[in-house]
Amino acid sequence: MQSVYLESFERDMGCTPAEWLGWLPQAIGANFYELSGASATVQIGPGQLQLTWQIAPPRQIALARIPRLLVSFKFTQLDDAQRYTFMKRFDLYMQRGGG
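Structure representation (structure tokens):
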């Protein structure tokens with residue numbers, strides 16, 4: 280988890296679009312959201328988050344192929360504390376572990 284979240288950033292996510300869309304509702308919590316193709320607008324208090332994603336070539340490590348999505352995050356009308364609070368929950372729900 281980060282200590283600061285900028286207004287705009289990108290992430291390389293190891294998942295398929297179907298997995299992403301399955302995880303998204305829990306990750307955003309009670310915030311209203313609207314899907315449109317490969318994007319979602321999330322209402323967060325006085326502001327919003329615009330998410331857009333596109334499929335990237337899979338990452339291959341030996342025989343393992345890991346799907347990838349390139350996800351863009353763009354917050355508007357939210358201060359540092361509001362972005363942090365939202366992303367803290369979001370990151371916990373999107374975190375996947377192994378071992």
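Take the sequence shown: its letters are residues 280 to 378, numbered as in the working numbering. A virtual CB, placed ideally from N, CA and C, is assigned to each residue, including glycine.
The three-state secondary structure of R362, taken from DSSP, is helix. A Cβ-Cβ contact shorter than 8 Å links R368 with G308. In this chain, the beta strand (DSSP E) harbouring Q339 covers 326-340. One alpha carbon belongs to S318, the other to L285, and they sit about 19 Å apart.
By the 16-neighbour rule on beta-carbons within 10 angstroms, M366 is buried.
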